[in-house]
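Engineer: After the structure tokens below, expect a handful of questions from me.
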RNA sequence: GGCCCGUUCGUCUAAGGGCUAGGACACCACCCUUUCACGGUGGUGAUACGGGUUCGAAUCCCGUACGGGCUACCA
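Residue numbers (the numbering used here): 364 to 870.
Pasting the structure below:
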């Protein structure tokens, strides 16, 4: 590639960032880094009626959580700004008017009511959604049907109007998609999309072309839902800047839920997160759960996202970001949609928890425990706990249950489990155990187990019958790592305290 | 309805003319484990259908079916 690679993610700040959006971010980022290019984030906020407070900042928070930092954006600066389309408003009219002057677009004065009427009048069983196209435009109020003087008069009196592209008839429009290969369209089947809205803002169609040009974007990636409007964008490139300047396109396959395109409703309905991070709708107050808060590691989130529509051709499934940058190619991105499988997503997270060094878990786990009311003061102690329980945690939130007993004496130990087979002999055993443990000069897993078994032998008891009660005393329930490892980490004082406490509860 | 995209185990996918169609998740069984997991071994399970092209097709072509997307002064 001769020119420096420049790619952009262009979100509309209207709410949470879902899986599909995050994957688009990831693929953009990977592509940019692979070719030593720049990754730009451009905020597409041309629809003022859909403004949602906080949505823009939220998007950047999600990127930050994943470590996918842009080179240029509203927050990162750059020399192609502004990076918010609402701040670029004045730029677009010029291009729209240039298209009108060149005969590629026209003014349309139709009101919303008139458009509704048209759609209603021309609606038939065979054509349930009539389009404002070459056959309809001659029947509407626009600069193609009105006289020049009338048009000038309407413009002079500031009559509300839009600018629409004039789609040519019977022209074959084609382009080569990096993933799908050649895609063809018949121009007469595409409608005259609005380019400039009555409020002076551009629509996506105009803005994406103008901004990709001005920002010197070399590769434009977006979801498959944009494929049908590609002919409009191609024509605009041809009319405005020359088709040879157009970036290369790739349309990513959709991420599907149980019923078509994944939506945030699917998450609520089937009990899995859809957004990267928790999102609270400022208007309704509704909270939509995020992967972060659900207990996912960013490493795992990125990993699972990458594999939803791409693979490197081998059987490798666990990738670091650097791995991905190295191996990612657009040619290996699929053209078919992928269903999101939450079970597999959890598997990725589990793999990452097991794979990560304790140092990589220390911060998120410590934070989580603290937030749940546990007092985590000793980092070395926390590290030991994490090392001991990490293999049994699928989600970060599992650390709460799996390690809570290391930070607080179990409030309600499962005494019933002990009681059913409890007797004086066992009571005696534990009294003896306390005495022996008190005398232990070395407090480690091996000696704890050795002593335990020696005393059991003396009392003619099977260690197996005693280990479960011991576990209940230390853990509170039937789960967790090996009992002697637990006792080791807990330390002498706490271990003895817990045995004593349970013994008194039993008598 | 029209246009566009797609179709390998339930799910994510490998195999880009020559295999007993491979792996992973999930599921089941067994092993390991004096708890629960981890781990290990094995198992169930797929080329949508019909035509071509070819010595040979999951793979190339056509049709059908099915799925999805788009069809706003939303992105």
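Glycine included, every Cβ here is placed at the ideal spot set by N, Cα and C. The model shown is predicted, which means the values in this text are computed figures rather than measured ones.
Run through DSSP, which three-state label would residue 682 get?
Structural biologist: Here residue 682 sits in coil by DSSP.
Engineer: Report the CB separation of residue 667 from residue 769 in whole angstroms; it is logged as a contact under 8 Å.
Structural biologist: That belief does not hold up - the Cβ atoms of residue 667 and residue 769 are roughly 29 Å apart, past 8 Å.
Engineer: Nearest to residue 689 by alpha carbon, out of 376, 398, 384?
Structural biologist: The option with the nearest alpha carbon to residue 689 is 398.
Engineer: Expressed to the nearest angstrom, what Euclidean distance is found between the alpha-carbon atoms of residue 522 and residue 608?
Structural biologist: Taking the straight line joining both Cα atoms gives about 35 Å.
Engineer: Quick one: is residue 474 buried, meaning 16 or more other Cβ sit within 10 Å of its Cβ, or exposed?
Structural biologist: Exposed, because fewer than 16 other Cβ atoms sit within 10 Å of the Cβ of residue 474.
Engineer: Starting from residue 309 and walking both ways along the beta strand (DSSP E), at which residues does that stretch end?
Structural biologist: The chain is shown only over 364 to 870; residue 309 falls outside these bounds and no answer can be derived.
Engineer: Report all residues from its chain with a CB closer than 8 Å to the CB of residue 792; omit the five preceding and five following residues, and keep chain order.
Structural biologist: Hits under 8 Å: 818, 819, 822, 824, 829.
Engineer: Entirely within the segment 628-672 and at least 4 residues each: give me those alpha helix (DSSP H) ranges in chain order.
Structural biologist: Qualifying alpha helix (DSSP H) stretches, in chain order: 654-657, 661-669.
Engineer: For residue 517 and residue 485, what's the separation of their Cα atoms in angstroms?
Structural biologist: Computed Cα separation, rounded: 27 Å.
Engineer: Looking at residue 583 and residue 529, is the spacing between their C-beta atoms short of 7 Å?
Structural biologist: No, these two residues do not count as a Cβ contact at 7 Å.
Engineer: Going by other Cβ atoms of all chains shown within 10 Å of its Cβ, with 16 needed for buried, is residue 565 buried or exposed?
Structural biologist: Residue 565 should be labelled buried.
Engineer: Checking 7 Å against the spacing of the C-beta atoms, do residue 659 and residue 651 come in under that value?
Structural biologist: No, the pair does not count as a contact, with Cβ atoms beyond the cut-off.
Engineer: Reducing DSSP to helix, strand and coil, say where residue 383 ends up.
Structural biologist: Helix.
Engineer: Which residues does DSSP pair with residue 582 in a beta bridge?
Structural biologist: 370, 611.
Engineer: Identify which residue in 449, 377, 655, 600 has its Cα closest to the Cα of residue 462.
Structural biologist: Ranking 449, 377, 655, 600 by Cα distance to residue 462 puts 600 first.
Engineer: Pull up the distance between the alpha-carbon of residue 753 and that of residue 647, whole angstroms please.
Structural biologist: Residue 753 and residue 647: Cα-Cα distance of roughly 38 Å.
Engineer: Since I believe residue 383 is in contact with residue 586 (beta carbons under 8 Å), could you give me their beta-carbon distance rounded to a whole number of angstroms?
Structural biologist: With 8 Å as the limit, residue 586 and residue 383 qualify as a contact, their Cβ atoms being about 6 Å apart.
Engineer: If I'm right that residue 725 touches residue 763 with Cβ under 8 Å, what's the distance once you round it to whole angstroms?
Structural biologist: Not really, about 15 Å apart at Cβ, beyond 8 Å.
Engineer: Please list the segments of the beta strand (DSSP E) lying wholly inside the segment 508-551, counting only runs of 3 or more residues, in order along the chain.
Structural biologist: If we require 3 residues or more, the beta strand (DSSP E) runs fully inside the segment 508-551 come out as 525-528, 535-540, 544-549.
Engineer: Locate the alpha helix (DSSP H) running through residue 458, then write down its first and last residues.
Structural biologist: Per DSSP, residue 458 belongs to the alpha helix (DSSP H) from 452-464.
Engineer: Please state whether the Cβ-Cβ distance between residue 697 and residue 672 is less than 7 Å.
Structural biologist: Yes, the Cβ-Cβ distance between residue 697 and residue 672 is below 7 Å.
Engineer: Terminal residues of the continuous alpha helix (DSSP H) containing residue 404?
Structural biologist: Counting along the chain, residue 404 falls outside any alpha helix (DSSP H), though it belongs to the beta strand (DSSP E) covering 401-404.
Engineer: On the CB-based measure, 16 or more other CB atoms within 10 Å of its CB, does residue 649 come out buried or exposed?
Structural biologist: Classification for residue 649: exposed.
Engineer: Decide if residue 781 is buried, meaning its Cβ has at least 16 other Cβ atoms within 10 Å, or exposed.
Structural biologist: Answer is buried; the Cβ neighbour count reaches 16.
Engineer: Going by C-alpha distance, which of 827, 519, 674 is nearest residue 694?
Structural biologist: Of 827, 519, 674, the residue nearest in Cα terms is 674.
Engineer: Mind checking which residues open and close the beta strand (DSSP E) that includes residue 619?
Structural biologist: Unbroken beta strand (DSSP E) run through residue 619: 618-620.
Engineer: Relative to the C-alpha of residue 438, which candidate in 590, 419, 411, 430 has its C-alpha closest?
Structural biologist: When only C-alpha atoms are compared, the closest one is 419.
Engineer: Touching or not, the segment 775-789 and the segment 859-870, by the rule of three or more beta carbon pairs under 8 Å?
Structural biologist: At 8 Å Cβ cutoff, the stretches touch.
Engineer: Smallest Cα separation from residue 826: which of 838, 837, 812?
Structural biologist: Nearest of 838, 837, 812 to residue 826, Cα basis: 812.
Engineer: Ordered along the chain, which non-local residues of its own chain (more than five positions away) have a Cβ less than 6 Å from that of residue 554?
Structural biologist: 494, 495, 496.
Engineer: Taking the straight line between their C-alpha atoms, what separation do you get for residue 686 and residue 424?
Structural biologist: Going from the Cα of residue 686 to the Cα of residue 424 covers about 24 Å.
Engineer: What are the start and end residues of the beta strand (DSSP E) that includes residue 469?
Structural biologist: Run containing residue 469: 468-471, per the beta strand (DSSP E) assignment.
Engineer: I need the straight-line Cα distance from residue 482 to residue 551, nearest angstrom please.
Structural biologist: Taking the straight line from one Cα to the other gives about 18 Å.
Engineer: How long is the line joining the alpha carbons of residue 626 and residue 371, rounded to whole angstroms?
Structural biologist: Looking at the two C-alpha atoms, the distance is approximately 23 Å.
Engineer: Work out the CA separation of residue 655 and residue 391 for me, nearest whole Å.
Structural biologist: Distance between the alpha carbons of residue 391 and residue 655: 21 Å.
Engineer: Should residue 448 and residue 410 be called a contact, given that it needs their Cβ atoms to be closer than 7 Å?
Structural biologist: No, Cβ-Cβ distance for residue 448 and residue 410 is not below 7 Å.
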